[in-house]
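Heads up: the sequence shown is residues 7 to 399, going by this note's numbering.
Here a beta-carbon is modelled for each residue, glycine too, at the ideal position from N, C-alpha and C.
Computed from a prediction, not measured in an experiment: that's the story for all the values here.
Remarks on the structure that follows.
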Amino acid sequence: MSIFDGKLNIEVSSASGIEAVTKRELIALGYTPSGAEYGRILFEGEYVDVLRANMFLRTAGRVRILVGTFDATDFDALFDGTAGISWQDVLPVDAKIVVTAKSVKSKLFALSSVQSIVKKAIVKSMCNFYKVAKLDETGAEYSIEASIIEDKVRLTLDTSGAGLHKRGYRTWLGEAPIRETLASAIIQLSVWNPDRPLIDPFCGSGTIPIEAALVGLNIAPGIQREFACEKFSNAPTLRAVVQDEAEQLVNRDREIRISGFDINPDAIKLALRHADKAGVRDKIHLQVADMRDLSSRFSHGVIVTNPPYGERLMKEDELKDLYRDFGKVYGTLDEWCAYVITSYMGFEKYFGRRATKTRKLYNSELECNLYQYLAKPPKKRFDEVYKQPRLLR
Ligand SMILES: C[S@@+](CC[C@H](N)C(=O)[O-])C[C@H]1O[C@@H](n2cnc3c(N)ncnc32)[C@H](O)[C@@H]1O
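In structure tokens:
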């Protein structure tokens with residue numbers, strides 16, 4: 007019996023601060039997720055739902071299958087708990103077994119020892135079942151994570167491969183780009199919906215306008231990439247089914263008004279290449295421009311942006327001047343809302359106004375604040391207007 011033929015406990019990871027957005031996405035897809043804990047959200051589903059989660063979630067980091075869970079405060083318990091799992095239901099005999107580990111508030115914290123004990127226990131269990139002396143591991147890679155939190159071990163099988171922020175369109179790196187998953191989370195946290203204009207005046211390599219366009223045209227974030235589980239020889243081949251679902255949902259005819267500007271011509275060149283790869287180049291406007299010249303023919307709209315921050319990109323005095331000037335320009339767009347993510351803690355002071363709301367978020371490891379400025383009392387929330395069609399299941 008293979009685990010891929012039955013009900014699965016599916017675990018979705020989500021970065022600190024955006025778990026609620028990921029949970030909302032799962033609900034919009036028709037699932038019933040658990041509460042978020044330690045950056046992971048659980049739901050029940052079948053193997054096809056693993057593929058759907060990989061394909062459709064815009065803010066998730068990874069999708070894993072929970073294989074087993076047990077308590078362990080010493081290496082014997084770790085070995086026995088791992089070896090006690092029916093690995094022959096999870097792995098084919100030729101699987102290339104890779105083990106990663108993490109530990110939080112636990113007695114077992116030496117990660118390399120955890121990794122090697124879990125691997126030994128899996129190999130022993132497989133060798134016993136198949137009555138072989140060793141495994142040749144020549145097949146597809148199966149990556150198992152041993153996560154130990156407060157002495158509780160969770161063994162999961164990764165199904166994503168490269169992190170889900172890697173959509174496949176951003177193949178060239180710009181200056182301090184924002185993670186695609188975080189960009190999408192900010193867009194979903196904002197009052198923007200695809201009927202409203204959106205501007206990113208510091209768009210760099212184009213991540214925010216492109217992610218907004220993917221939402222606006224209902225293009226699934228995973229539509230042009232592979233997932234590790236597609237290579238699993240013991241899992242059903244359902245990618246084509248989910249790919250077809252994703253393609254049916256695309257709405258290229260939708261009118262969207264999304265613009266990105268940057269002072270650096272190289273950044274705009276990059277943004278254009280990324281927009282091209284993402285298949286949205288003809289749907290968004292990208293142009294070299296100084297934020298100081300920003301204006302709009304629309305009276306209402308939403309600014310979502312990630313301006314320069316930190317010394318790597320700019321000296322502090324220049325940064326303060328830039329934020330001051332940004333505040334002045336924003337003052338001329340009085341019916342516009344703004345969502346600004348930066349790690350510079352003095353942002354509000356120089357921007358010249360207190361945010362309606364602030365939210366702590368992490369751009370990779372960097373602690374940032376999302377400063378939210380609402381021009382008028384909040385209009386309809388994103389998820390009230392933008393309803394992702396439920397999948398037929
Ligand atoms: C943190 S980066 C934005 C990264 C972007 N979110 C991405 O994913 O690639 C900040 C950008 O602001 C741009 N910039 C700096 N000063 C500017 C100005 N006065 N007007 C417009 N863009 C500016 C920089 O060229 C840089 O690309």
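inquiry  = Measuring straight from C-alpha to C-alpha, what distance separates Tyr-239 and Leu-255?
reply    = Inspection of the sequence shows that residue 239 is occupied by Ser rather than by Tyr. The straight-line gap from Cα to Cα measures roughly 29 Å.
Taking only three categories from DSSP, how would you classify Ser-196? coil
query: Can you give the beta carbon distance from Ala-78 to Asp-157, rounded, assuming they're within the 8 Å contact cut?
result: 7 Å
Margin query: By the three-class DSSP mapping on this structure, what secondary structure does Glu-341 have?
Written below: coil
Open item on the list: Helix, strand or coil, according to DSSP, for Gly-352 in the structure here?
Closed with: Gly-352 falls in the coil class under three-state DSSP.
*Keeping to the same chain, check which residues put their C-beta closer than 7 Å to that of Val-248; ignore five residues upstream and five downstream.*
Val-54, Leu-57, Arg-58 and Met-61
Item checked: Ser-265 - containing beta strand (DSSP E), residue span -> Residues 264-268.
- request: Within 10 angstroms of the Cβ of Met-7, are there 16 or more other Cβ atoms? Answer buried if so, exposed if not.
  value: exposed
Review point. Is Asn-369 near ligand 1, in the sense that its beta carbon is under 6 Å from a heavy atom of that ligand?
Key: no
Whole-angstrom C-beta distance between Ala-273 and Gly-210, which should lie under 8 Å: 5 Å
Practice item. Quick one: grab the DSSP three-state call for Ile-24. Key: The three-state reading of DSSP puts Ile-24 in coil, since its state is none of H, G, I, E or B.
- [ ] Measure the alpha-carbon distance for Gln-230 versus Ala-381 and round it to whole angstroms.
- [x] 37 Å
Query raised in the report: The beta strand (DSSP E) spanning Cys-374 covers which residue range?
Result: 372-379
> For Thr-338, does the count of other Cβ atoms within 10 angstroms reach 16, so buried, or fall short, so exposed?
Replying inline: Counting Cβ neighbours within 10 Å, Thr-338 comes out exposed, since fewer than 16 surround it.
Review point. How big is the Cα-Cα spacing for Ser-40 and Leu-188?
Key: 21 Å
| said: Val-18 and Ala-66 - do their beta-carbons sit closer together than 7 Å? | reply: yes
request  = Following the continuous alpha helix (DSSP H) through Asn-312, name the residue where it begins and the one where it ends.
outcome  = Note, Asn-312: premise wrong, no alpha helix (DSSP H); not H, not E.
Taking the C-alpha atoms as reference points, what is the distance between Leu-163 and Ile-150? 5 Å
task: Return yes when at least one heavy atom of ligand 1 lies under 6 Å from the C-beta of Met-351, else no.
output: At a threshold of 6 Å, Met-351 does not count as near ligand 1, since its beta carbon sits no closer than that to any of the ligand's heavy atoms.
Select from Cys-235, Lys-237 and Asn-199 the residue whose C-alpha is nearest the C-alpha of Ala-219. Asn-199
* Buried versus exposed, by CB contacts within 10 Å (16 or more), Tyr-44 -> exposed
- [ ] Mark Gly-358 as exposed unless 16 or more other C-beta atoms lie within 10 angstroms of its C-beta, in which case mark it buried.
- [x] The residue is exposed, with fewer than 16 neighbouring Cβ atoms inside 10 Å.
Since Ala-107 and Val-96 should fall inside the 8 Å C-beta cutoff, what is the C-beta to C-beta distance between them, to a whole number of angstroms?
Contact between Ala-107 and Val-96 does not hold, since their C-beta atoms are separated by about 17 Å, which reaches or exceeds 8 Å.
By the 10 Å Cβ neighbour count, where 16 or more other Cβ atoms means buried, how is Leu-372 classified, buried or exposed?
exposed
For ligand 1, is there any heavy atom lying closer than 6 Å to the beta carbon of Ile-184? At least one heavy atom of ligand 1 is found less than 6 Å from the C-beta of Ile-184.
Notebook entry, point to check: Run through DSSP, which three-state label would His-291 get?
Noted result: strand
task: Verify whether the separation of the beta carbon atoms of Gln-194 and Val-69 is less than 7 Å.
output: At least 7 Å separates the beta-carbon of Gln-194 from that of Val-69.
(Q) So, under 8 Å CB-CB, Arg-202 and Gly-307 are touching, yes? Tell me the CB distance rounded to an integer number of Å. (A) Correct: roughly 6 Å between the Cβ atoms.
Beta-carbon proximity list for Arg-365, same chain, < 6 Å, skipping 5 on both sides:
Leu-376
Which of the three DSSP states is assigned to Lys-137 in this structure? coil
- Indicate, with yes or no, if ligand 1 has a heavy atom lying under 6 Å from the CB of Phe-208. yes
Burial state of Val-110, where buried means 16 or more other Cβ atoms lie within 10 Å:
exposed
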